[in-house]
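Quick note on numbering: the sequence shown equals residues 7 to 220 in our numbering. Okay, structure first, notes after.
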Amino acid sequence: MRHRKSFNHLGRTSSHRKAMLSNMAASLILHKRITTTVAKAKALRSYVEPLITKSKDDTTHSRRLAFSYLQSKEAVTELFREIGKKVGDRPGGYTRILKLGNRLGDNADMAMMELVDFNETLLAEKSAAKGKTTRRRRGGKKKATETPSKASAQTADQPIAVTKEEAKVETKSGPKAAVEEAPKEENKKDTSVADNKAEAKDETNDNKEQDTKK
């Protein structure tokens with residue numbers, strides 16, 4: 007009977023439950039991340055977090071207590087060398103449980119349990135977010151002073167308006183204008199030739215008149 011026992015037995019005897027949690031805690035310490043059911047992950051959290059707290063005090067007594075729970079020398083050395091130094095400033099909450107959905111065979115709720123300080127992707131995102139933060143100040147006067155300079159810059163960048171007459175002059179200055187001017191010059195030449203001929207006729211008439219008088 008389970009009178010006044012509030013923890014989850016996980017459907018196992020006491021010795022089986024302790025051995026399973028010891029094995030899972032050693033795996034979590036060595037690999038920093040394991041996949042299990044949600045019920046086992048919650049039971050493991052209350053089993054392994056007191057051991058991580060003991061790892062902050064690296065003494066022979068703390069190591070012997072951790073070994074009595076883990077039963078693995080490799081896990082104890084990893085706990086005190088790597089994990090204890092990295093979580094020294096954290097006041098608890100060393101693990102994270104992420105639900106993964108239901109298992110195909112028996113539809114059990116699955117979860118991934120990991121150590122918080124060893125997830126490199128989340129730590130990199132947090133550091134990047136901290137680096138991008140900027141302080142904003144209220145600067146109404148600065149904006150008012152900056153507006154004319156912006157307006158002048160915009161006017162400098164904008165193209166100059168061109169009137170219709172200037173546009174006509176510019177269009178006539180092309181090769182078509184040269185073609186149009188060419189016949190005008192030919193007409194002038196023709197008129198000058200006609201004037202020369204008329205003057206030559208007048209001179210010949212004058213000469214004839216003088217001959218007749220003689």
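Glycine included, C-beta positions come from ideal geometry on N, C-alpha and C.
For I103, the nearest candidate out of D95, K92, M119, E88 (CA to CA): The residue labelled residue 103 in the question sits at position 97 within the sequence shown. For I103, the nearest C-alpha among the options comes from M119.
Backbone secondary structure at R51 - three-state DSSP: Mapped onto the sequence shown, residue 51 falls at position 45. Three-state DSSP puts R51 in a helix.
Complete runs of the alpha helix (DSSP H) confined to the region 18-65 [at least 4 residues]: 20-37, 44-60
Once the 5 residues before and after A47 are set aside, which same chain residues still bring their CB inside 7 Å of it? To locate residue 47, count along the sequence shown from 1; it is residue 41. Contacts found: I103, A117, M119.
Using 10 angstroms around the beta-carbon of D115, count the other beta-carbons present and answer buried if the total reaches 16, otherwise exposed. Locating residue 115 in the sequence shown gives position 109, where the first residue counts as 1. Exposed, since its Cβ has fewer than 16 Cβ neighbours within 10 Å.
Which of helix, strand or coil does DSSP assign to A206? The count along the sequence shown starts at 1 and reaches residue 206 at position 200. Helix, per DSSP.
For S33, the nearest candidate out of L85, D63, P56, A135 (CA to CA): Working through the sequence shown from its first residue, we reach residue 33 at position 27. Nearest C-alpha to S33: L85.
Please determine, among G17, T41, A206, the residue with the shortest C-alpha to C-alpha distance to L106. Along the sequence shown, one-based indexing puts residue 106 at 100. L106 has its Cα closest to that of T41, out of G17, T41, A206.
For S28 and A81, the rounded distance between their alpha carbons: The sequence position of residue 81 within the sequence shown is 75, counting from 1. The sequence position of residue 28 within the sequence shown is 22, counting from 1. A81 and S28: Cα-Cα distance of roughly 10 Å.
R96 (DSSP reduced to helix, strand or coil): Reading the sequence shown from its first residue, position 90 is the one you call residue 96. Coil at R96, not helix or strand.
S78 burial status per 10 Å Cβ neighbour count (16 or more: buried): To locate residue 78, count along the sequence shown from 1; it is residue 72. Burial call: buried.
How about E131 and T101: are their beta carbons less than 8 Å apart? Reading the sequence shown from its first residue, position 125 is the one you call residue 131. Reading the sequence shown from its first residue, position 95 is the one you call residue 101. Contact flag unset, no.
Own chain residues within Cβ distance below 7 Å of A45, not counting five before or after: Numbered from its first residue, the sequence shown carries residue 45 at position 39. Excluding sequence neighbours, A45 sits near N14, L16.
Who are the near neighbours of V224 in its chain, counting only those whose CB is closer than 7 Å to its CB and skipping five residues on each side? What the structure shows of the chain is the stretch from 7 to 220, and residue 224 is not part of that stretch, so it cannot be assessed.
Are there 16 or more other CB atoms within 10 angstroms of the CB of A204, so buried, or fewer, so exposed? Position 198 of the sequence shown, counted from the first residue, corresponds to residue 204. Exposed: under 16 other Cβ atoms inside 10 Å.
Between N108 and the rest of its own chain, which residues show a CB-CB distance below 8 Å, the 5 nearest in sequence each way excluded? Within the sequence shown, numbered from 1, the residue matching residue 108 stands at position 102. Excluding residues within five positions, the ones whose Cβ falls inside 8 Å are A114, D115, M116.
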